[in-house]
Amino acid sequence: MDGGDPPAAVLPARRAALLADAQPYCLEHALALAGPDALRLHGLAVPARGTDLLLVTAGGPPLAELATGLAETLRAAGHRVEEPPGTARRHPLAVSTGEPSLDSLAGEPPLGIELRREPLRHPPTLPAGAPVPVAVAALDDTAALAVLTLCERALPADLHALHALTGRRREGELLALASAFDEDFSPRTLADRLESAAALLAADAAETTEAAEAAEAADGMLGTVKWAEGWAQDLRLDLLETTELADGLHDPYLDRSDDL
C-alpha cells in the first residue's frame, strides 16, 4: 500500500462481508478492488455509501465469464445475485446479502458490483491491516480511475473521492495519471464535469444545512464544492494559455505540477 499507511476506516459491514465472500475468487482471477473502497484502504477518508463496489482486472478471461464465476461464488455463499447485461469492458452485478443481520432497511436496493477491464499500470497491493485481505489497485491506478470516473458520471460521490485524493496527489499529478491511463482524457471535459458535480453537491449541501446537527457535514461538502470550482477555473485558464509548439500541444499546467 502506498506509503504504508493504515486504512482510514473500517469498511461498512455489508461491503466488508461481501468482499470477504468474494475474496478467494478475486485472488484466483486477479480482480483488484478500486473506487472509493480502495481509497479508504489506502488510508483516505472517502465516503463509500451510495457507490458500487468496483473490481478491476487488466487481463484474464472474458469479463462475462469472470462476472458469471463471481456470481456463482456469491450465490454459494448465500447471496442473491442478479446479472444485468454487460459489455466486453464492463459488467455489473446486483447483490442482496444473504445474512439478515447485515441487511439494511427493507426496500434498500441491492449492492452493486461493477467488474471492469482496465489497463492497470502497477501491480495491486494487499494493504496491511485491511479488514478484508483483498487485493487493492495501486494508489496511482485508483487515482487515474477516479479522475476518469468523474469525467464519465460527474456525481457528488466521484467528487468526494477526487478531493480526498489531493491529500496524496497534486492536481497536476492527477491530470498526468489520467492522461497516461486513457489517451482520450481531456482536461476540458474534466473542467466541465468538476463544475457539474460541484453544482449537484452544492444542492445536497443546501438540503443538509436544514438539519442543524448536519451543519458540519454541510461545511465539508461546501469545502469540496469550492475546491472543485477553483480547479475547474484553473483548468480553463490553463487551457487558454495552451500554445502549439513544433512537437505538438504544450500544457503549462502539467509543467507547473513538476515544480510544486
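When we follow the UniProt record's numbering, the leftmost residue of the sequence shown carries the number 1, and every step to the right adds one.
C-beta: ideal position from N, C-alpha, C; glycine also.
All values derive from a computational prediction rather than experimental measurement.
Residue from the options with nearest C-alpha to residue i
i: Leu239; options: Asp204, Leu175, Leu165, Glu152; result: Leu175
i: Leu168; options: Ala30, His42, Ala32; result: Inspection of the sequence shows that residue 168 is occupied by Arg rather than by Leu. Ranking Ala30, His42, Ala32 by Cα distance to Arg168 puts His42 first.
i: Val56; options: Ala203, Ala180, Arg116; result: Arg116
i: Leu53; options: Ala180, Gly220, Gln23, Ala77; result: Gln23
i: Ser96; options: Gly220, Ala206, Ala17, Leu177; result: Ala17
i: Asp21; options: Gly69, Leu63, Ala178, Ala88; result: Gly69
i: Ala135; options: Thr166, Leu39, Thr73; result: Leu39
i: Ala58; options: Pro92, Thr166, Arg121; result: Arg121
Enclosing beta strand (DSSP E) for residue i [first to last residue]
i: Leu115; result: 111–117
i: Val81; result: 80–82
i: Thr87; result: Counting along the chain, Thr87 falls outside any beta strand (DSSP E), and DSSP gives it neither H nor E.
i: Arg53; result: Rather than Arg, the amino acid found at residue 53 in this sequence is Leu. Run containing Leu53: 53–57, per the beta strand (DSSP E) assignment.
i: Ala34; result: 32–34
Residue i versus residue j - alpha carbon distance
i: Glu195; j: Glu183; result: 22 angstroms
i: residue 263; j: Arg153; result: The displayed coordinates of the chain run from 1 to 260. Any statement about residue 263 would go beyond what the structure contains.
i: Leu19; j: Val132; result: 7 angstroms
i: Leu11; j: Gly50; result: 13 angstroms
i: Leu66; j: Leu145; result: 20 angstroms
i: Thr224; j: Arg75; result: 39 angstroms
i: Asp204; j: Leu155; result: 11 angstroms
i: Leu201; j: Asp158; result: 10 angstroms
i: Leu235; j: Arg90; result: 30 angstroms
i: Leu139; j: Ala206; result: 32 angstroms
i: Thr87; j: Leu63; result: 8 angstroms
Host alpha helix (DSSP H) of residue i (start-end)
i: Leu177; result: 171–181
i: Thr142; result: 139–153
i: Leu66; result: 63–76
i: Leu159; result: 156–165
If contact is defined by three or more beta carbon pairs under 8 angstroms, each pair taking one atom from either stretch, is the segment 121–138 in contact with the segment 74–82?
Output reads no: the segment 121–138 does not touch the segment 74–82.
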